[in-house]
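K.L.:
Take a look at the following structure, please.
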């Protein structure tokens, strides 16, 4: 159910309780004594309360907030979450705005002294995740204590969202010497782009001159073309058997798997990830790294799931706790 735009929350501050106590005392004294000066002071105090309500509502009116999440956050490392506020009023500025999270897993806030009419401002708060996995947001809230600090009036805004926190960054296990010897691109037995010669043939008219095999052409007295062997990247499959791991052991295995994924992708390999009942196909690049880290971040223990099925064309590395 969405929160209506007119909904407000009102909280009396410590200064406000003192102010209302003073107002009540002066009101009782004015009634008991009939002193006109006390009635005048009472009227001023009551007017201040009314003015506080009107001006605080003016500050909150037509203020919109949205949240900006970081591209990637890892457990144990601080991240910045942005809050963008826009004042939709044509002339009136908003004063003393506090922007904060309400509900959800993450709590944070920021403060704006003034937000001019038709202006946008962005602030950020620091978030230190202590666990991997999914973190969710429920609402944003804009609040103000303007103009006198007697009351805090706030307006809740529905802003549901999710953020995946990647596994904690740990050093990758050292690579085995056999694996190091096999690193790099490998030729395949088919025509494509590469450096190794696949076959020689007659040069075709209109073909790029770079396909000419000049030594063979000089030896045969005619233009000889060359087809190169298609080369492919080294393929690695990271395996996490989450059927037999849980809690801290699973977390440690996931952290090592994430470190292996980053190491192999940075080395230029095509990486796949196999877990119980699922396998992420081999790929490369920043987008694939994010997909792999997201899979590992959300991984849970699955005792009854099928065993991990590694990529049959890849070198297998099992991540153990």
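Numbering (the working numbering), first residue to last: 21 to 341. Ideal placement from N, C-alpha and C gives every residue a C-beta, glycine not left out.
I'd like the list of long-range same chain contacts for residue 153, defined as Cβ closer than 8 Å, with 5 residues on each side in sequence excluded.
P.N.:
Around residue 153: 184, 185, 317 and 318.
K.L.:
Compare the beta carbon distance of residue 331 and residue 299 with 9 Å and say whether it is the shorter of the two.
P.N.:
In this structure, residue 299 lies closer than 9 Å to residue 331 by Cβ.
K.L.:
So who's on the other strand from residue 101, going by DSSP bridges?
P.N.:
Partner(s): 145.
K.L.:
Measure the C-alpha to C-alpha separation of residue 306 and residue 263 and round it to an integer number of angstroms.
P.N.:
So the alpha carbons of these two residues sit roughly 28 Å apart.
K.L.:
What residue ranges within the stretch 265-306 form continuous beta strand (DSSP E) runs of no fewer than 3 residues, ordered along the chain?
P.N.:
Counting only runs of 3 or more, we get 290-295 and 298-303.
K.L.:
Helix, strand or coil: how does DSSP classify residue 201 here?
P.N.:
Since pLDDT at residue 201 reaches only 40, below the 50 mark, its modelled position is unreliable, and no value is offered.
K.L.:
Taking only runs of the beta strand (DSSP E) that begin and end inside the stretch 313-341, which ones reach a length of at least 3 residues, in chain order?
P.N.:
Correct list: 335-338.
K.L.:
In terms of residue numbering, what span does the beta strand (DSSP E) encompassing residue 258 cover?
P.N.:
Here the beta strand (DSSP E) through residue 258 covers 255-259.
K.L.:
Inspect the beta-carbon positions of residue 129 and residue 119 and report whether they are closer than 9 Å.
P.N.:
Cβ distance < 9 Å, so residue 129 and residue 119 count as in contact.
K.L.:
Return the chain-ordered list of same chain residues with a C-beta closer than 6 Å to the C-beta of residue 209, the five sequence neighbours on each side being excluded.
P.N.:
In this prediction, residue 209 scores a pLDDT of 49, lower than 50, which makes its location untrustworthy; no coordinate-derived value is stated.
K.L.:
Cα separation between residue 296 and residue 147?
P.N.:
Roughly 32 Å between the two C-alpha positions.
K.L.:
Let me know the secondary structure DSSP gives residue 131 once reduced to three states.
P.N.:
Residue state, collapsed to three classes: strand.
K.L.:
Using C-beta distances below 8 Å, list every residue in its chain close to residue 244, excluding the 5 sequence neighbours before and after it, in chain order.
P.N.:
Correct list, in chain order: 220, 221, 222, 223, 232, 233, 236 and 237.
K.L.:
Is residue 286 buried or exposed, if buried means 16 or more other CB atoms sit within 10 Å of its CB?
P.N.:
Exposed, since its Cβ has fewer than 16 Cβ neighbours within 10 Å.
K.L.:
Please identify the residue among 313, 269 and 261 whose C-alpha is closest to the C-alpha of residue 280.
P.N.:
Of the candidates 313, 269 and 261, the one whose C-alpha sits nearest the C-alpha of residue 280 is 313.
K.L.:
Starting from residue 83, trace the alpha helix (DSSP H) both ways and give me its first and last residue.
P.N.:
No alpha helix (DSSP H) contains residue 83, which is instead part of the beta strand (DSSP E) from 83-88.
K.L.:
Is the Cβ-Cβ distance between residue 80 and residue 190 less than 9 Å?
P.N.:
No.
K.L.:
Tell me, to the nearest whole angstrom, how far the beta carbon of residue 302 is from that of residue 290; I am working on the premise that it is less than 8 Å.
P.N.:
4 Å between Cβ atoms; contact.
K.L.:
Please return the same chain residues whose Cβ sits closer than 8 Å to the Cβ of residue 311, not counting the five positions on each side in sequence.
P.N.:
300 and 303.
K.L.:
Since residue 381 and residue 261 are thought to touch, with beta carbons under 8 Å apart, how far apart are those beta carbons, to the nearest angstrom?
P.N.:
Beyond the ends of the chain as shown, which are 21 and 341, falls residue 381; an answer cannot be given.
K.L.:
Helix, strand or coil for residue 78, going by three-state DSSP, please let me know.
P.N.:
Three-state result, residue 78: helix.
K.L.:
Nearest to residue 61 by alpha carbon, out of 32, 133, 30 and 45?
P.N.:
Checked all of 32, 133, 30 and 45; the closest Cα to residue 61 is 45.
K.L.:
So the candidates are 36, 54 and 98; which of them puts its Cα closest to the Cα of residue 68?
P.N.:
Residue 68 has its Cα closest to that of 36, out of 36, 54 and 98.
K.L.:
Whole angstroms is fine: what's the gap from residue 108's alpha carbon to residue 139's?
P.N.:
Between residue 108 and residue 139, the C-alpha separation is close to 8 Å.
K.L.:
Identify, in the order they occur along the chain, each residue of the same chain with its Cβ nearer than 6 Å to the Cβ of residue 338, setting aside the five sequence neighbours on each side.
P.N.:
Cβ within range, chain order: 259.
K.L.:
Under 8 Å by Cβ, that's how I've got residue 171 and residue 265 pegged, so tell me the actual separation to the nearest angstrom.
P.N.:
Not confirmed; about 53 Å, so no contact.
K.L.:
Pull up the distance between the alpha-carbon of residue 59 and that of residue 39, whole angstroms please.
P.N.:
Spanning the two alpha carbons is a distance of roughly 16 Å.
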